[in-house]
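Undergrad: This is the structure I have questions about; it appears just below.
Protein chains in written order, with the working numbering: chain A, 1 to 388; chain B, 389 to 776.
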């Protein structure tokens, strides 16, 4: 196909810079924020950080928050400032902006396969203390060769499957073999095991979660025992999430927990039973504007799947009783009012709790941090899109 | 919360630039592309562009492809080079990189509400021919005031609801009133009507789509007639999508069609019945790597919801009979093999057809354009994330 010669075909008729203004500036009231925007209630966010930090410290367990939830270095720095030992990332590229921001202790809670990823990992490992997961001897040998070849070293957490049926070795015997291999090969060292079970996090009842955690813990115990019997100390057992943190810290097995969503919450985690165990507040909201009111009980919002994930359910409007989000399209969402008397007007701004915070953060380049109703800061979501 | 003084807390131990290499370089074979990456088969893509262009021209209807599907100026330039009259965008910010790339005829197929958006719209309208939608007199007056105030002018397409129950006026009388207002107010002019029905696009059988299109067309006819009876010429009727294009071009009502997905396809559109009417090829794929093989019939891929949308269904592996994507998590996807003999190995790269192309493009900063098995170009998805 012919290459289009733009300069010849179109001259810019107005030599004026065309630039997109930020959604808000510091000091603005929230109603002045352009939409759709992701906003963070700092008071609720800081409460959440403290609540989880206190929980972990009370049990002598390290908190290593998962930065995949937010991909925002400013947030990670605040977690570490309150006592977190470091962070988790899920991808090698994702870790880059965090290392650039000064984070120096990062667990990449995932298997790393492929030469470009290993090359970047070696670069990161020359600047920061890095651990990664492994569940296969072939991958572990490639990891060792790459680290040794690039003059770097990383710690290896053997990933063990405690029931999620995702990654991870399936038997304690395999874990022992991988740990031995990690101890024998150059450029890597055995750092512990990762035992994460995402499926448990969202079980609705507290009792169900407790029972499922007990079952997973018995599996973790088998892995730790097998390593001990093989004469291999297991300094770290890492895992746990927001939904199971209260059980994981009390398990006397996990030495660190990887919760991420606790700082923000979403309708997914908001919908599970928390008992009186922990109380996290909704701190993260999508701010949208009513762009059309075609019927007395229907408002069309200016956001869709490109601003909020919907695979875990639609976002939930806050402060509008009887108003429900009934559809999320590519670029619009539809709010339906039970009672036309409680309908927002054209141009009204509405806050909604996202269905699932991790993929929602990943749709935005920045988050507007609010103190009360004022913009205190705008933080870059620097690792947005870094999924390699 | 205390401000973290990074410079004091952490000195960079290795003063070496940390940078993320592109996923591929021109000339690479596809197997060398780092993953997850979005890849475009140029031969199939160009076939699709020609197929739709020929269809539109055969019926004397203009093709104005929807750039919300791809958000990539390089793609829009190729559509216009083949004969498209311009493009559609869905958001004001989204239009910016397209205008910067030289596109000079853009229909923003959406209602625009809010001062920051109107300010940017006026900037765009000084550089390009811009039309926008309106379905409310209050919004139309604000649009007029902003355009006139900033010395700009835009065309207005009155948005009419032809059954989708989203935006749009509900009666021909309302459309006539808005058209009159658009003709009377400064800074704006009446440009036509938009009659888009997203819900029809995905009806599975060709016959169902035909019947639904006929019904919608009868509604469109009522709007055009009402305008004519009021002495208002309606120069443009814009609407239509990939699923209904074959009927819309033959309707003798639509003067331009807004299809977007036709250039790429996805499992959503791939799953509807096309009869012998049109044949679009799958040109868009997600490339992923097998990062774990924990069971004989299960492979874990290195992509999840941050690389592919899943609300319209999981992506579908290509070239691996009996291999199905059974789960898409935040950062992983799980492939299940019907037969363990047809399982990929650790490190294998697999192409998958995304479930829904629009939100999938919006997750990536670039798309790797392949000619056969070689990388011909890497195109920036410059409007990725521009949803205000």
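By construction, the Cβ of each residue, glycine as well, lies at the ideal position given by its N, Cα and C atoms.
Note that this is a predicted model, so its numbers are computed, not measured.
Please state whether DSSP places residue 492 (chain B) in a helix, a strand or coil.
TA: Position 104 of the second chain, counting from 1, holds the residue named residue 492 (chain B). Coil at residue 492 (chain B), not helix or strand.
Undergrad: Roughly how many angstroms separate the alpha carbons of residue 53 (chain A) and residue 371 (chain A), rounded to a whole number?
TA: Within the first chain, numbered from 1, the residue matching residue 53 (chain A) stands at position 53. Within the first chain, numbered from 1, the residue matching residue 371 (chain A) stands at position 371. Cα to Cα, residue 53 (chain A) sits roughly 21 Å from residue 371 (chain A).
Undergrad: Suppose the cutoff is 6 Å on Cβ atoms and the five residues either side in sequence are ignored; what does the same chain contact list for residue 66 (chain A) look like?
TA: As a first step, residue 66 (chain A) is located in the first chain; it is residue number 66 there, counting from the start. So the qualifying residues of the chain are 88, 258, 260.
Undergrad: Since residue 285 (chain A) sits in a beta bridge, which residues does DSSP pair it with?
TA: Working through the first chain from its first residue, we reach residue 285 (chain A) at position 285. According to DSSP, which records beta bridges pairwise, residue 285 (chain A) is partnered with A:39.
Undergrad: CB-CB under 6 Å to residue 185 (chain A), same chain, minus the five flanking residues each way: which ones, in chain order?
TA: Residue mapping note: residue 185 (chain A) aligns to position 185 of the first chain, counting from 1. For residue 185 (chain A), where only same-chain residues beyond five positions count, the Cβ hits under 6 Å are 144.
Undergrad: Which of the residues in the stretch 134-149 of chain A, read from start to end, lie with their CB under 9 Å from any CB of chain B?
TA: Residues passing the 9 Å Cβ filter: 135, 136, 138, 139, 142.
Undergrad: Where does residue 377 (chain A) sit, in a helix, a strand or coil, going by DSSP?
TA: For the purposes of this step, residue 377 (chain A) is identified with residue 377 of the first chain, where counting begins at 1. Of the three classes helix, strand and coil, the one that applies to residue 377 (chain A) here is strand, per DSSP.
Undergrad: Does the separation of the CB atoms of residue 242 (chain A) and residue 201 (chain A) fall below 8 Å?
TA: Here the question's residue 242 (chain A) lines up with position 242 in the first chain. Here the question's residue 201 (chain A) lines up with position 201 in the first chain. It is a contact, given that the beta carbons lie within the stated cut-off.
Undergrad: Name the DSSP beta bridge partners of residue 169 (chain A), please?
TA: As a first step, residue 169 (chain A) must be located in the first chain, where it is residue number 169. In the DSSP output, where bridge partners are listed per residue, residue 169 (chain A) has A:160.
Undergrad: Quick one: list the residues of chain A neighbouring residue 408 (chain B), beta-carbon separation under 8 Å, in chain order.
TA: Position 20 of the second chain, counting from 1, holds the residue named residue 408 (chain B). Simply 93, 96, 120, 386, 388.
Undergrad: If we call anything under 8 Å between Cβ atoms a contact, is residue 146 (chain A) one with residue 183 (chain A)?
TA: Counting from one through the first chain, the residue named residue 146 (chain A) turns up at place 146. Counting from one through the first chain, the residue named residue 183 (chain A) turns up at place 183. For residue 146 (chain A) and residue 183 (chain A), no; Cβs fall outside 8 Å.
Undergrad: Flag residue 586 (chain B) as yes if its beta-carbon sits less than 8 Å from any beta-carbon of chain A, otherwise no.
TA: Taking the first residue of the second chain as position 1, residue 586 (chain B) is located at position 198. Yes, residue 586 (chain B) lies at the interface with chain A (some Cβ there is under 8 Å from its Cβ).
Undergrad: In the DSSP assignment, find the alpha helix (DSSP H) that holds residue 147 (chain A) and state where it starts and stops.
TA: Counting from one through the first chain, the residue named residue 147 (chain A) turns up at place 147. Segment 137-149, the alpha helix (DSSP H) holding residue 147 (chain A).
Undergrad: Interface residues of chain B around residue 111 (chain A) at Cβ under 7 Å?
TA: Stepping through the first chain from its first residue, residue 111 (chain A) is reached at position 111. Chain B residues near residue 111 (chain A): 679, 680.
Undergrad: Taking residue 123 (chain A) as part of the alpha helix (DSSP H), name the residues at either end of that continuous run.
TA: What you label residue 123 (chain A) is simply residue 123 of the first chain in a count that begins at 1. Residues 115-125.
Undergrad: Name the chain B residues that come within less than 8 Å of residue 329 (chain A), Cβ to Cβ?
TA: Translated into positions along the first chain, residue 329 (chain A) becomes position 329. Within chain B, the residues near residue 329 (chain A) are 554, 586.
Undergrad: Are the CB atoms of residue 111 (chain A) and residue 134 (chain A) nearer to each other than 8 Å?
TA: What you label residue 111 (chain A) is simply residue 111 of the first chain in a count that begins at 1. What you label residue 134 (chain A) is simply residue 134 of the first chain in a count that begins at 1. Taking 8 Å as the Cβ cut-off, residue 111 (chain A) and residue 134 (chain A) qualify as a contacting pair.
Undergrad: Taking 8 Å as the CB-CB cut-off, is residue 235 (chain A) touching chain B?
TA: Against the first chain, residue 235 (chain A) aligns to sequence position 235. Chain B, which has no Cβ nearer than 8 Å to the Cβ of residue 235 (chain A), makes this no.
Undergrad: Determine whether the Cβ of residue 303 (chain A) lies closer than 8 Å to any Cβ atom of chain B.
TA: Taking the first chain and counting its residues from 1, the one referred to as residue 303 (chain A) is at position 303. Yes, residue 303 (chain A) lies at the interface with chain B (some Cβ there is under 8 Å from its Cβ).
Undergrad: Would you mind giving the Cβ-Cβ distance between residue 459 (chain B) and residue 750 (chain B), rounded to the nearest angstrom? I have them listed as a contact below 8 Å.
TA: Counted from its first residue, the second chain places residue 459 (chain B) at position 71. Counted from its first residue, the second chain places residue 750 (chain B) at position 362. So it is a contact: roughly 6 Å between Cβ atoms.
Undergrad: Considering residue 221 (chain A), what are the terminal residues of the alpha helix (DSSP H) in which it resides?
TA: In the first chain, counting from the first residue as 1, residue 221 (chain A) sits at position 221. Element bounds for residue 221 (chain A): 206-229.
Undergrad: Quick one: measure Cβ to Cβ for residue 581 (chain B) and residue 625 (chain B), integer angstroms, because I've assumed they're closer than 8 Å.
TA: Residue 581 (chain B) sits at position 193 when you count from the first residue of the second chain. Residue 625 (chain B) sits at position 237 when you count from the first residue of the second chain. Yes, they are in contact, since the Cβ atoms of residue 581 (chain B) and residue 625 (chain B) sit about 6 Å apart, within 8 Å.
Undergrad: Looking at the structure shown, is residue 72 (chain A) part of a helix, part of a strand, or coil, going by DSSP?
TA: Along the first chain, read from residue 1 onward, the residue named residue 72 (chain A) stands at position 72. Coil.
Undergrad: Does DSSP put residue 6 (chain A) in a helix, in a strand, or in coil?
TA: Working through the first chain from its first residue, we reach residue 6 (chain A) at position 6. The pLDDT assigned to residue 6 (chain A) is 48, lower than 50, so where the model puts this residue is not dependable; a value taken from the coordinates is nonetheless given after this. Residue 6 (chain A) falls in the helix class under three-state DSSP.
Undergrad: Per the DSSP calculation, residue 357 (chain A) is bridged to which residue(s)?
TA: In the first chain, counting from the first residue as 1, residue 357 (chain A) sits at position 357. None; residue 357 (chain A) has no bridge partner.
Undergrad: I'd like to know if residue 130 (chain A) contacts chain B, where contact means its C-beta is closer than 8 Å to some C-beta of that chain.
TA: Taking the first chain and counting its residues from 1, one reaches residue 130 (chain A) at position 130. No, no contact with chain B.
Undergrad: Which whole-angstrom value is the C-beta distance of residue 287 (chain A) and residue 39 (chain A), which I expect to be below 8 Å?
TA: Taking the first chain and counting its residues from 1, one reaches residue 287 (chain A) at position 287. Taking the first chain and counting its residues from 1, one reaches residue 39 (chain A) at position 39. Their Cβ separation, rounded to whole angstroms, is 5 Å, which keeps residue 287 (chain A) and residue 39 (chain A) in contact under 8 Å.
Undergrad: Alpha carbon to alpha carbon, how far is residue 168 (chain A) from residue 680 (chain B)? Give it in angstroms, no decimals.
TA: Locating residue 680 (chain B) in the second chain gives position 292, where the first residue counts as 1. Locating residue 168 (chain A) in the first chain gives position 168, where the first residue counts as 1. Going by the C-alpha atoms only, they are around 8 Å apart.
Undergrad: Label residue 559 (chain B) either buried or exposed according to how many other C-beta atoms from any shown protein chain fall within 10 Å of its C-beta, with 16 as the threshold for buried.
TA: For the purposes of this step, residue 559 (chain B) is taken as the residue at position 171 of the second chain. Exposed is the call here.
Undergrad: What does a CB cutoff of less than 8 Å around residue 637 (chain B) pick up in its chain, not counting 5 residues either side in sequence?
TA: Counting from 1 along the second chain, the entry for residue 637 (chain B) is found at position 249. Excluding sequence neighbours, residue 637 (chain B) sits near 443, 444, 446, 447, 449, 628, 645.
Undergrad: Tell me whether residue 389 (chain B) sits in a helix, a strand or coil according to DSSP, three-state version.
TA: Stepping through the second chain from its first residue, residue 389 (chain B) is reached at position 1. Bear in mind that the predicted position of residue 389 (chain B) carries a pLDDT of just 43, short of 50, making it too unreliable to give a figure here.
Undergrad: Can you tell me the Cα-Cα spacing of residue 389 (chain B) and residue 48 (chain A), whole angstroms?
TA: What you label residue 389 (chain B) is simply residue 1 of the second chain in a count that begins at 1. What you label residue 48 (chain A) is simply residue 48 of the first chain in a count that begins at 1. Reliability fails at residue 389 (chain B), whose pLDDT of 43 lies under 50, so the model's placement of it is uncertain and the value that follows must be treated cautiously. For residue 389 (chain B) and residue 48 (chain A), the distance between alpha carbons rounds to 13 Å.
Undergrad: For residue 37 (chain A), count neighbouring C-beta atoms within 10 Å of its own C-beta (all shown protein chains included) and say buried if the count is 16 or more, exposed if not.
TA: Taking the first chain and counting its residues from 1, the one referred to as residue 37 (chain A) is at position 37. Buried.
Undergrad: Output, in chain order, the set of chain A residues within a Cβ distance shorter than 9 Å of residue 805 (chain B).
TA: The first residue shown for chain B is 389 and the last is 776, placing residue 805 (chain B) beyond what the model contains.
Undergrad: Residue 761 (chain B) versus chain A: which residues are under 9 Å apart at the beta carbon?
TA: The residue you call residue 761 (chain B) lines up with position 373 of the second chain. Per Cβ cutoff of 9 Å: no residues; residue 761 (chain B) is ~18 Å from chain A at best.
Undergrad: Name, please, each residue of chain A whose Cβ falls closer than 8 Å to the Cβ of residue 514 (chain B).
TA: As a working mapping, residue 514 (chain B) is identified with position 126 in the second chain. Those are 13, 14, 16, listed as they occur along chain A.
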